[in-house]
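Engineer: In our numbering, the protein residues as written are 19 to 483. Note that CB positions come from ideal geometry on N, CA and C, so glycine has one too. Note that the structure is a prediction, hence the values are computed from the model and not measured.
1) Give the range of the alpha helix (DSSP H) segment to which residue 120 is assigned.
2) State buried or exposed for residue 265, treating a residue as buried only when at least 16 other CB atoms are found within 10 Å of its CB.
3) Leaving out five residues before and five after residue 268 in sequence, what residues of the same chain have Cβ atoms less than 7 Å from its Cβ?
4) Could you spell out where the alpha helix (DSSP H) holding residue 55 opens and where it closes?
5) List in chain order: all unbroken alpha helix (DSSP H) runs of 4+ residues lying wholly within the region 399–465.
6) Determine the burial state of residue 323: buried for a count of at least 16 other Cβ atoms within 10 Å of its Cβ, exposed for fewer.
7) For the alpha helix (DSSP H) containing residue 349, list its first residue and its last residue.
8) Is the number of C-beta pairs between the region 129–141 and the region 244–256 that are closer than 8 Å three or more?
9) Can you list, in chain order, the residues of its chain whose CB lies under 7 Å from that of residue 131, leaving out five sequence neighbours each side?
10) Compute the Euclidean distance between the alpha carbons of residue 311 and residue 297, then round it to the nearest angstrom.
11) Taking all protein chains shown into account, do 16 or more other C-beta atoms lie within 10 angstroms of the C-beta of residue 30, making it buried, or fewer, making it exposed?
12) Count the other C-beta atoms from every protein chain shown that fall within 10 angstroms of the C-beta of residue 416, then say buried if there are 16 or more, exposed otherwise.
13) Alpha carbon to alpha carbon, how far is residue 377 from residue 440?
14) Helix or strand or just coil, what does DSSP make of residue 488?
15) With residue 320 and residue 414 assumed to form a contact (beta carbons below 8 Å), what rounded beta-carbon distance in angstroms separates them?
16) Between the alpha carbons of residue 184 and residue 452, how many angstroms are there, rounded?
17) Skipping 5 residues on each side, what residues in its chain have a beta carbon closer than 7 Å to that of residue 55?
18) Going straight from the alpha carbon of residue 186 to that of residue 431, what length do you get?
19) Within the same chain, show all residues whose beta-carbon is closer than 8 Å to that of residue 238, passing over the 5 residues directly before and after it, in chain order.
20) When DSSP labels each residue in this structure, what does residue 266 get in the three-state scheme?
21) For residue 470, which option in 406, 435, 419 and 444 has the closest C-alpha, if you only look at C-alpha atoms?
22) Is the distance from the Cβ of residue 77 to the Cβ of residue 232 below 9 Å?
23) Take the Cβ of residue 291 as the centre, count every other Cβ of all protein chains shown within 10 Å, and call the residue buried at 16 or more, exposed below.
24) Below 8 Å on the Cβ atoms is my guess for residue 461 versus residue 428; work out the distance and round it to an integer in Å.
25) Considering only their Cβ atoms, is the gap separating residue 122 from residue 158 smaller than 9 Å?
26) Candidates 465, 374, 387 and 468: which alpha carbon is nearest residue 435's?
27) Using the three-state DSSP reduction, which class does residue 19 fall into: helix, strand or coil?
28) Which residue's Cα is closest to the Cα of residue 350: 293, 425 and 166?
29) Rounded to whole angstroms, what is the Cα-Cα separation between residue 118 and residue 270?
30) Could you check whether the Cβ of residue 439 sits closer than 8 Å to any heavy atom belonging to the ligand NAP?
31) Cutting at 7 Å between CB atoms, please list the residues of its own chain near residue 79, excluding the five before and the five after it.
32) Mapping the DSSP letters down to three states, classify residue 78 as helix, strand or coil.
33) Could you tell me the alpha carbon to alpha carbon distance between residue 442 and residue 380, rounded to whole angstroms?
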C-alpha cells in the first residue's frame with residue numbers, strides 16, 4: 019500500500035504541474051500524460067524536499083503527506099476534469115487500427131524487456147557499489163535523520179563517496195521509505211522501473227508525432243533491447259533517470275524549434291533542471307542545450323518575435339533559478355579536492371590532457387563496438403550518418419547532430435582534465451555516459467533510417483501506417 023501511495027503522490031504532483039504549465043488547450047496523449055506526470059512529479063517532490071530541508075522542516079511521513087498529498091489531489095482533480103472535457107473532442111479523433119503481426123512482435127519485445135527488468139529488480143536488493151554508496155547510503159541517511167543537516171551527513175568519513183553529489187535520487191528513496199514505513203531496497207527499486215517505463219513512453223511518443231506506428235514500435239523495441247539498459251534500469255543507478263530527463267528536455271526543445279509552442283520550452287527547462295539535480299553530468303548536459311538554444315535564437319533572430327524571445331528568457335531563467343538553488347546547497351557540503359573539476363580548468367592541465375585525446379577516442383570507439391553493452395547499436399548509428407549525405411536534413415535534425423557532437427566533445431574534455439587514470443575511468447564510466455546520449459542518437463538514427471528507406475526500398479516494402 020505504501021508503494022502505491024508513493025507512486026500516486028508523485029503522479030498527482032506531476033499532473034498538477036502539467037495542468038499549470040500546459041493549460042486547458044494542450045491535450046496530451048495518454049503516453050505523454052504519463053511520462054510528463056512522472057518526470058515532473060519526481061522532480062517537484064525531490065526539489066521540494068530540498069527546500070523543506072533548507073527551511074529546517076523534518077522530512078517525515080507526516081510532513082510529506084501534509085504538504086504533498088493535497089497538491090497531488092489537486093493534480094488528480096485537474097486530470098479528471100481534462101478527461102471529461104476531452105470526451106467530446108475525442109469523437110473526431112482517428113480510429114485505432116489493429117496491430118499488425120510485426121507490431122505485435124515489437125510490442126511483445128518491449129513488454130518482455132520491462133518484465134525481465136522488473137523481475138531482476140524486485141528479486142534483488144541494491145547491490146551495485148555506486149548505487150549503494152553514492153545514492154542509497156544518502157537516501158538511507160535522510161530516511162533515518164529526516165534531514166540532510168546533521169553532523170554525520172557533513173562527515174566525509176561517513177558519506178565518503180561523492181559527498182556533495184546531486185540529491186534527487188536520495189530524496190526520492192527517502193520519500194518512498196517514509197511512505198512505506200521502513201527502508202526496503204526492493205520496494206524502492208519500483209521508482210527506477212517507472213523511470214525506465216517513462217523513458218520508453220517518451221521515446222515512442224516523440225517518434226509517433228512523425229512516423230508510422232510500426233516504425234515507432236520497431237525503434238522503441240531497439241531501445242528497450244539495449245543490454246546496458248537491461249543492466250542498469252533496475253539497479254539503483256541514476257543513469258536511466260538522467261537519460262529520461264535529458265531525452266525529454268532535448269525532445270521538447272527541438273519540438274519548440276520546429277513548432278514554436280512556448281509551453282514546450284518551459285517543460286524542457288524543468289526536465290533539464292531536474293536532470294542536473296539527478297547527476298553531475300546533468301548540469302553539463304543542460305548547459306549544452308542552453309547553449310544550443312542561444313545559438314538557434316541568434317541565427318534565427320529575424321524570425322524571432324517578442325513571444326519567442328520571452329520563451330527563451332523564461333527557459334534560461336527557470337534553469338538558472340532551479341540549478342542555483344541546488345548549487346547553493348551543494349556549496350555547503352564537503353567534497354574531495356580531486357573531485358573539484360572546476361578547479362582543474364587551468365591551461366596547464368588542459369595542455370597536459372591534450373596528450374590523452376588519442377587514448378580517450380580509442381576507448382570510446384572500443385565502447386561503441388562492445389556488443390555485450392550495445393549489440394550493433396552504435397555501428398548502425400554511425401553507418402546511418404555516413405549514408406545521410408544522400409538525404410536532406412531538416413533543421414531539428416541538424417541541431418540534434420550539433421547536440422550529440424557537443425555531448426561527445428564534452429565527455430572527451432572531461433576525460434582530458436580528470437585526475438584519475440584515464441583507462442581505468444573509461445572502463446567504469448563510459449558505458450553509462452553514452453547511455454545518456456543513446457535515446458537521442460536513436461531518434462536521429464530512426465529519422466535517417468526512415469528517409470533512407472524511401473530511397474533504397476521499393477514502394478511496396480516501405481513501412482506502412
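Structural biologist: In short, the structure shows the following:
1) As a first step, residue 120 is located in the chain shown; it is residue number 102 there, counting from the start. That run of the alpha helix (DSSP H) goes 119–141.
2) As a working mapping, residue 265 is identified with position 247 in the chain shown. When all chains shown are included, residue 265 counts as buried.
3) The residue you call residue 268 lines up with position 250 of the chain shown. Closer than 7 Å at the Cβ level, and outside the excluded window around residue 268, lie 307, 421 and 458.
4) Numbered from 1 along the chain shown, position 37 holds the residue referred to as residue 55. Per DSSP, residue 55 belongs to the alpha helix (DSSP H) from 48–72.
5) 413–435
6) By one-based count along the chain shown, residue 323 stands at place 305. Looking at its Cβ environment, which holds fewer than 16 other Cβ atoms inside 10 Å, residue 323 is exposed.
7) One-based indexing of the chain shown puts residue 349 at position 331. It spans 324–349 - the alpha helix (DSSP H) in which residue 349 sits, taken as one unbroken run.
8) yes
9) Counting from 1 along the chain shown, the entry for residue 131 is found at position 113. Within the same chain, residue 131 has close Cβ partners 242, 243 and 248.
10) Counting from one through the chain shown, the residue named residue 311 turns up at place 293. Counting from one through the chain shown, the residue named residue 297 turns up at place 279. Answer to the nearest angstrom: the Cα atoms are 22 Å apart.
11) Locating residue 30 in the chain shown gives position 12, where the first residue counts as 1. The residue is buried, with at least 16 neighbouring Cβ atoms inside 10 Å.
12) Here the question's residue 416 lines up with position 398 in the chain shown. The residue in question, residue 416, is exposed, as its Cβ has fewer than 16 Cβ neighbours within 10 Å.
13) As a working note, residue 377 is residue 359 in the chain shown. As a working note, residue 440 is residue 422 in the chain shown. Their backbone Cα atoms lie some 8 Å apart in a straight line.
14) A query on residue 488 cannot be resolved here, the shown segment of the chain reaching from 19 to 483 and no further.
15) One-based indexing of the chain shown puts residue 320 at position 302. One-based indexing of the chain shown puts residue 414 at position 396. Contact doesn't hold; Cβ gap of about 19 Å is too wide.
16) Along the chain shown, one-based indexing puts residue 184 at 166. Along the chain shown, one-based indexing puts residue 452 at 434. So the two alpha carbons sit approximately 19 Å from each other.
17) Counting from one through the chain shown, the residue named residue 55 turns up at place 37. Around residue 55: 29, 32, 33 and 36.
18) Here residue 186 refers to the residue found at position 168 when the chain shown is read from its first residue. Here residue 431 refers to the residue found at position 413 when the chain shown is read from its first residue. Roughly 26 Å between the two C-alpha positions.
19) To locate residue 238, count along the chain shown from 1; it is residue 220. Here the set comprises 124, 128, 218, 221, 222 and 225.
20) As a first step, residue 266 must be located in the chain shown, where it is residue number 248. Correct three-state label for residue 266: helix.
21) Counting from one through the chain shown, the residue named residue 470 turns up at place 452. Residue 470 has its Cα closest to that of 406, out of 406, 435, 419 and 444.
22) Position 59 of the chain shown, counted from the first residue, corresponds to residue 77. Position 214 of the chain shown, counted from the first residue, corresponds to residue 232. Going by C-beta atoms, residue 77 is not nearer than 9 Å to residue 232.
23) Taking the chain shown and counting its residues from 1, one reaches residue 291 at position 273. Buried, because 16 or more other Cβ atoms sit within 10 Å of the Cβ of residue 291.
24) In the chain shown, the residue the question calls residue 461 occupies position 443. In the chain shown, the residue the question calls residue 428 occupies position 410. No, residue 461 and residue 428 are not in contact; Cβ-Cβ is about 19 Å, not under 8 Å.
25) Here residue 158 refers to the residue found at position 140 of the chain shown. Here residue 122 refers to the residue found at position 104 of the chain shown. No, they are not a contact pair.
26) As a first step, residue 435 is located in the chain shown; it is residue number 417 there, counting from the start. Of the candidates 465, 374, 387 and 468, the one whose C-alpha sits nearest the C-alpha of residue 435 is 374.
27) Residue numbering aside, residue 19 sits at position 1 when the chain shown is read from its first letter. Residue 19: coil per DSSP, three-state reduction.
28) For the purposes of this step, residue 350 is taken as residue 332 along the chain shown, with counting starting at 1. Taking only the C-alpha atoms, the option nearest residue 350 is 166.
29) Your numbering for residue 118 matches position 100 in the chain shown. Your numbering for residue 270 matches position 252 in the chain shown. Looking at the two C-alpha atoms, the distance is approximately 30 Å.
30) The ligand NAP is not part of the structure shown, which contains no ligands of any sort.
31) Here residue 79 refers to the residue found at position 61 of the chain shown. Within the same chain, residue 79 has close Cβ partners 196 and 197.
32) For the purposes of this step, residue 78 is identified with residue 60 of the chain shown, where counting begins at 1. In the structure shown, residue 78 sits in coil (DSSP, three-state: anything other than H, G, I, E or B).
33) To locate residue 442, count along the chain shown from 1; it is residue 424. To locate residue 380, count along the chain shown from 1; it is residue 362. Rounded to the nearest angstrom, the two C-alpha atoms are 13 Å apart.
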